[in-house]
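Chains A and B are the protein sequences, given in the same order. Taken in order, the first sequence gives residues 1 to 300; the numbers are from the working numbering. Taken in order, the second sequence gives residues 1 to 411; the numbers are from the working numbering. Quick reminder that beta carbons are idealized off the backbone N, C-alpha and C, glycines included. Report on the following structure.
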Amino acid sequence: MTGQAHTGRPSKLLRNLNSKIASIPMMLTAVVIFLGGTVWTVVYSFTNSKLLPRAKFVGLDQYERLWSAPRWIVSIENLAIYGVFTLVFSLVVGFLLAALMDQKIRFENTFRTIFLYPFALSFIVTGLVWQWILNPEFGVQSVVRSLGWTSFTFDPLYNADIVIYGVLIAGLWQGTGLVMCLLLAGLRGIDEDIWKAARIDGIPMWKTYLFIVIPMMRPVFITTLVIIASGIVKVYDLVVAQTSGGPGIASEVPAKYVYDYMFQAQNLGQGFAASTMMLVTVAIIIVPWAYLEFGGRKRG
Amino acid sequence: MKIRSMAAILAATVVLPFAAANATDLEVTHWWTSGGEAAAVAELAKAFDATGNKWVDGAIAGSGGTARPIMVSRITGGDPMAATQFNHGRQAEELVEAGLMRDLTDVATKEKWKEIIKPASLLDSCTIDGKIYCAPVNIHSWQWLWLSNAAFEKAGVAVPKNWDEFVAASPALEKAGIVPLAVGGQPWQAAGAFDVLMVAIAGKDNFYKVFKDKDEEVAAGADIAKVFKAADDARRMSKGTNVQDWNQATNMVITGKAGGQIMGDWAQGEFALAGQTAGKDYTCLPGLGVNEIISTGGDAFYFPLLKDEEKSKAQEVLASTLLAPATQVAFNLKKGSLPVRGDVDLAAANDCMKKGLDILAKGNVIEGTDQLLSADSQKQKEDLFSEFFANPSMAPEDAQKRFADIIASAE
Numbered sequence: 001m002t003g004q005a006h007t008g009r010p011s012k013l014l015r016n017l018n019s020k021i022a023s024i025p026m027m028l029t030a031v032v033i034f035l036g037g038t039v040w041t042v043v044y045s046f047t048n049s050k051l052l053p054r055a056k057f058v059g060l061d062q063y064e065r066l067w068s069a070p071r072w073i074v075s076i077e078n079l080a081i082y083g084v085f086t087l088v089f090s091l092v093v094g095f096l097l098a099a100l101m102d103q104k105i106r107f108e109n110t111f112r113t114i115f116l117y118p119f120a121l122s123f124i125v126t127g128l129v130w131q132w133i134l135n136p137e138f139g140v141q142s143v144v145r146s147l148g149w150t151s152f153t154f155d156p157l158y159n160a161d162i163v164i165y166g167v168l169i170a171g172l173w174q175g176t177g178l179v180m181c182l183l184l185a186g187l188r189g190i191d192e193d194i195w196k197a198a199r200i201d202g203i204p205m206w207k208t209y210l211f212i213v214i215p216m217m218r219p220v221f222i223t224t225l226v227i228i229a230s231g232i233v234k235v236y237d238l239v240v241a242q243t244s245g246g247p248g249i250a251s252e253v254p255a256k257y258v259y260d261y262m263f264q265a266q267n268l269g270q271g272f273a274a275s276t277m278m279l280v281t282v283a284i285i286i287v288p289w290a291y292l293e294f295g296g297r298k299r300g
Numbered sequence: 001m002k003i004r005s006m007a008a009i010l011a012a013t014v015v016l017p018f019a020a021a022n023a024t025d026l027e028v029t030h031w032w033t034s035g036g037e038a039a040a041v042a043e044l045a046k047a048f049d050a051t052g053n054k055w056v057d058g059a060i061a062g063s064g065g066t067a068r069p070i071m072v073s074r075i076t077g078g079d080p081m082a083a084t085q086f087n088h089g090r091q092a093e094e095l096v097e098a099g100l101m102r103d104l105t106d107v108a109t110k111e112k113w114k115e116i117i118k119p120a121s122l123l124d125s126c127t128i129d130g131k132i133y134c135a136p137v138n139i140h141s142w143q144w145l146w147l148s149n150a151a152f153e154k155a156g157v158a159v160p161k162n163w164d165e166f167v168a169a170s171p172a173l174e175k176a177g178i179v180p181l182a183v184g185g186q187p188w189q190a191a192g193a194f195d196v197l198m199v200a201i202a203g204k205d206n207f208y209k210v211f212k213d214k215d216e217e218v219a220a221g222a223d224i225a226k227v228f229k230a231a232d233d234a235r236r237m238s239k240g241t242n243v244q245d246w247n248q249a250t251n252m253v254i255t256g257k258a259g260g261q262i263m264g265d266w267a268q269g270e271f272a273l274a275g276q277t278a279g280k281d282y283t284c285l286p287g288l289g290v291n292e293i294i295s296t297g298g299d300a301f302y303f304p305l306l307k308d309e310e311k312s313k314a315q316e317v318l319a320s321t322l323l324a325p326a327t328q329v330a331f332n333l334k335k336g337s338l339p340v341r342g343d344v345d346l347a348a349a350n351d352c353m354k355k356g357l358d359i360l361a362k363g364n365v366i367e368g369t370d371q372l373l374s375a376d377s378q379k380q381k382e383d384l385f386s387e388f389f390a391n392p393s394m395a396p397e398d399a400q401k402r403f404a405d406i407i408a409s410a411e
């Protein structure tokens, strides 16, 4: 490798020069904005910056305060609940819907449109719509009560114990359609011949899905997983629109903590510490996965 | 004909700006968006437009908590508006220290602000290192209990005269299907209600010991324990409010769905807008009827440093317009707040405002918590009390312990 440059062939650096030049702006953006911004944030999370950043270092003070703040703990718990349920339900329900769509049903286009439609709405609109649907005085509860079941109670947004599930319902309603579409595209990419072969071998349909089709759809699943996961970590607007973190602090999420402390409380240091913790959490999940996916064995 | 008049209008829109050559557009941002507030801010705009300049309204909906970050990021991001509302006190402290705000000392000296602005603490809150950076426009006090006369009539009990009577009347209200105390879900409402209880029940001295001297032993002590006991009552009475915004909660009192609300005197604008009369339709108890002291926080306008010279000049005009006697009267009557100058005639003031003016004249005033605590401590307090009011299983003792911690770490 090292001797190559001297043998007269074009150096490795100059190969595909055009494409390398073309990608310089994006590389600069990635390094300066993303990486630079991240490093800057982490560094300033060790300062006592208030409204404006200032480089007066206070060690781990911000982190100590963060982890002793009940609101941050509640935020983390909520994110865990929201994350696990969103991941499981949107994948399971999304896949079931996609598999049903794949049965050559009539009006498939219509159904696909209906299921994907919520995704066209922003989280703010979704949040407001579900705030009204779940409002005990106008929504589901009042409809059921007016049908005669007068003791029916369903007010998740006003009950601190279950409010996060009210948010979850809205999140799933919005996001499952997209998961369905992605997986449906994956299903369509499976060769007809595989189905025929499975049928000749007499393998029941559910087994074909579970042991043949799903493993073949691995790349699609990974794409879907990344999209869902990034949606979970950054959940913010849905909560703001639907509950604004209430009742009390029962539906707070980490992203909202970051925003509130950076701007409302005028305490940048605390906000940076919280966002650094979010980054660390993501890294803890991503790094081992990336290592297994790309590092362990070289494919091709 | 039609086309000709259209053309005339079009021509006018082009010509007019030239006609008023010295007119300058100033964008003013604020978070006054409820019905009563919008009516009040229209008075300011009218007064400023009358000087030949133009008020460009930059209302930001969603109360101060939403609006302030937008304002701050516009100022720090190099796209400042010409003037912006803040609660005077410590909210804009760092912006001033960073040199982003304009020094108004010249205007203030010329117009003798030091003599006309009463109480003096208002101007003190605008003053940093001997220079004046903001123009206070009104005095807002938090310490009011608003009661719906209709609700008490329906429940068959007399309208209470103080907090204790109100607590005692709450079972009757509940029986009549009325929420005794409306507390909206926005965090600042719960925190504010607690501060009011603190002044009423623990008194002025303890209030200052906790919020000014940041004495954590007092905060953890027996006097404040009584306040938490009262907050516990308030929490029980507020069950079933189920609204978010403060004006929705006020509306519950206006419509008789709630017995009362602890809210600042800005609630008065809503009562006025609904056509209700103080004393007949609703009752107001300053200091919860226990301790007639009001805080003198309020709103002020800050003027970011601008490069445009004409705009800077217009900023001076705006600053003096805001404090002109006529503007003060028109604005404060609509807003339900008290004027910042003692020399204006408020003959049109209603009963509640007169009570407020009386207390002000007697000098029974304290500084507001916005003036005493940093935004950071205020936010921590909001987190604590919004959790406390929403979660009936949180013991008052535990809440007090956390409160003392916040006070201990406050700057």
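* Contact between the region 360-368 of chain B and the region 288-298 of chain B (3+ Cβ pairs under 8 Å) -> yes
* Asked: Rounded to whole angstroms, how far is the Cβ of B:Q315 from the Cβ of B:A83, which I believe are closer than 8 Å?
  -> 6 Å
* Determine the extent of the beta strand (DSSP E) in which B:T29 is found, giving its start and end residues. => In the DSSP assignment, B:T29 falls within the unbroken beta strand (DSSP E) covering D25 to H30.
* Asked: Given a limit of 9 Å on CB to CB distance, which residues of the region 215-249 of chain A reach chain B?
  -> T243, S244, G245, G246, P247, G248 and I249
* **Segments assigned alpha helix (DSSP H), at least 4 residues, entirely inside the region 72-127 of chain B** => Secondary structure in the region 72-127 of chain B: the alpha helix (DSSP H) runs of 4 residues or longer, each lying completely within the stretch, are 93-97, 105-110, 113-116 and 121-126 in chain order.
* Which residue's Cα is closest to the Cα of B:V227: B:L100, B:A38 and B:L197? -> B:L197
* Would you report the Cα separation of B:Q261 and B:G192, rounded to the nearest angstrom? -> 12 Å
* Pull up the distance between the alpha-carbon of A:Q242 and that of A:L187, whole angstroms please. => 35 Å
* To do: For A:F272, return the contacting residues in chain B, with the cut-off set at a CB-CB distance below 7 Å.
  => Near A:F272 there are no residues of chain B at all, since even the closest Cβ is about 14 Å away, more than 7 Å.
* Asked: Whose C-beta lies closer than 7 Å to the C-beta of A:T41 among residues of the same chain, with five residues either side of it excluded?
  -> A distance below 7 Å between beta-carbons, with the five flanking residues on each side excluded, links A:T41 to the following residues of its chain, in chain order: F272, S275 and T276.
* CA-CA distance, A:P215 and A:T208? -> One alpha carbon belongs to A:P215, the other to A:T208, and they sit about 10 Å apart.
* Asked: For a contact meaning CB atoms closer than 7 Å, what does B:G65 contact in chain A?
  -> Q264
* Nearest residue (CA-CA) to B:G256, options B:W266, B:M263, B:K214 and B:Q276 -> B:Q276
* To the nearest angstrom, report how far apart B:K335 and B:G356 are at their CA atoms. => 14 Å
* To do: Can you give me the start and stop residues for the alpha helix (DSSP H) that B:T327 sits inside?
  => P325 to K335
* Asked: Under a CB-based cut-off of 8 Å, is B:A21 close to chain A?
  -> Here the model assigns B:A21 a pLDDT of 45, short of 50, so the residue's position is not dependable and the matter cannot be decided.
* Asked: For A:L134 versus A:L157, is the C-beta spacing smaller than 8 Å?
  -> Their beta carbons are under 8 Å apart, which means A:L134 touches A:L157 by this criterion.
* Report yes or no: is there a C-beta of chain C within less than 8 Å of the C-beta of B:F389? => In the structure shown, chain C does not exist; the protein chains are A and B.
* To do: Along the beta strand (DSSP E) that carries B:F211, what are the first and last residues, could you check?
  => Here B:F211 belongs to no beta strand (DSSP E); instead the alpha helix (DSSP H) covers G203 to F211.
* Asked: chain B beta carbons: is any one of them nearer than 8 Å to that of A:R145?
  -> Residue-level contact by beta carbon fails for A:R145 and chain B, as no gap is shorter than 8 Å.
* Asked: Within 8 Å (strictly less), CB to CB, does B:T33 reach chain A?
  -> Residue contact with chain A for B:T33: absent (no Cβ-Cβ distance below 8 Å to any residue of chain A).
* Note down, in chain order, every chain A residue with its Cβ under 9 Å from the Cβ of B:L95. => L51 and L52
* To do: Answer yes if the region 232-244 of chain B comes into contact with the region 263-270 of chain B, meaning at least three C-beta pairs across the two stretches below 8 Å, and no otherwise.
  => no
* Any idea what DSSP makes of A:E293, helix, strand or coil? -> Helix.
* Check distances from the C-beta atoms of the region 373-402 of chain B to those of chain A and list, in chain order, the residues that come in under 7 Å. => A375, D376, K379, D383, S386, E387, F389, A390 and N391
* A:S301: buried (16+ other C-beta within 10 angstroms of its C-beta) or exposed? -> Limits of chain A in this structure are 1 at one end and 300 at the other, which puts residue 301 of chain A out of reach.
* Kindly provide the ranges of any beta strand (DSSP E) runs that are 3 or more residues long and lie completely inside the region 77-123 of chain A, ordered along the chain. => none
* Asked: Any contact of the region 310-325 of chain B with the region 47-56 of chain B, i.e. 3+ C-beta pairs under 8 Å?
  -> yes
* To do: Would you please state the rounded distance, in angstroms, between the beta carbons of B:V107 and B:A300? I believe it to be under 8 Å.
  => Incorrect: roughly 14 Å between the Cβ atoms, too far for contact.
* Beta-carbon of A:Y63 versus every beta-carbon of chain B: anything under 8 Å? -> no
* With a threshold of 16 other CB atoms inside 10 Å of the CB of A:S230, please say whether the residue is buried or exposed. => A:S230 counts as exposed, since fewer than 16 other C-beta atoms from the protein chains shown sit within 10 angstroms of its C-beta.
* Roughly how many whole angstroms lie between the Cα atoms of A:A55 and A:Q270? -> Rounded to the nearest whole angstrom, the CA to CA distance from A:A55 to A:Q270 is 14 Å.
* Return helix, strand or coil for A:K56, following the three-state DSSP convention. => coil
* Neighbourhood of B:S34 by C-beta distance below 6 Å, restricted to the same chain and skipping five residues each side -> N247
* Asked: Which residues in the same chain as A:V213 place their Cβ atom closer than 8 Å to its Cβ, once the five residues preceding and following it in sequence are excluded?
  -> L187, I190 and I194
* Give the DSSP bridge partners of B:F301, in chain order. => B:Q85 and B:A135
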